[in-house]
Amino acid sequence: MEIILTTSEIRAILQGCQQTLRLIRSTTEYRQIERSQYFSTTNEVVLGDAIGTLNEIDEAIEEYESITQKVKV
272 MEIILTTSEI RAILQGCQQT LRLIRSTTEY RQIERSQYFS TTNEVVLGDA
322 IGTLNEIDEA IEEYESITQK VKV
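Note that the numbering used here has the sequence shown beginning at 272, numbered continuously upward.
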């Protein structure tokens, strides 16, 4: 079953994910985990990197919408 989403819905989901990750990152518990010597990821990424990536994707979709709307006119 294919899920069909508009670009506005996709952007809203991405923005919601960013907000959720920001909420997690703001907690004392998460900051303690991330600062721990036992916290490690393969590529040394942290939650802020994921937030930044989602933001970049959202901005790229916004740019796509802007360009494709001009082409349609």
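Here a beta-carbon is modelled for each residue, glycine too, at the ideal position from N, C-alpha and C.
These figures come from a predicted structure and were not determined experimentally.
Residue i versus residue j - alpha carbon distance
i, j, result
"SER337", "SER307", "43 Å"
"ILE388", "THR313", "Residue 388 lies beyond the residue range present for the chain, which begins at 272 and ends at 344; the question has no answer from this structure."
"LYS341", "THR299", "45 Å"
"LYS343", "TYR335", "12 Å"
"TYR309", "THR339", "46 Å"
"TYR301", "ALA283", "25 Å"
"ILE274", "ASP329", "19 Å"
### Query
Between the region 283-300 and the region 318-332, do at least 3 Cβ pairs fall closer than 8 Å?
yes
### Message
Quick check: the region 274-288 against the region 323-335, are at least 3 beta-carbon pairs closer than 8 Å?
### Response
With the cut-off at 8 Å, the region 323-335 and the region 274-288 touch.
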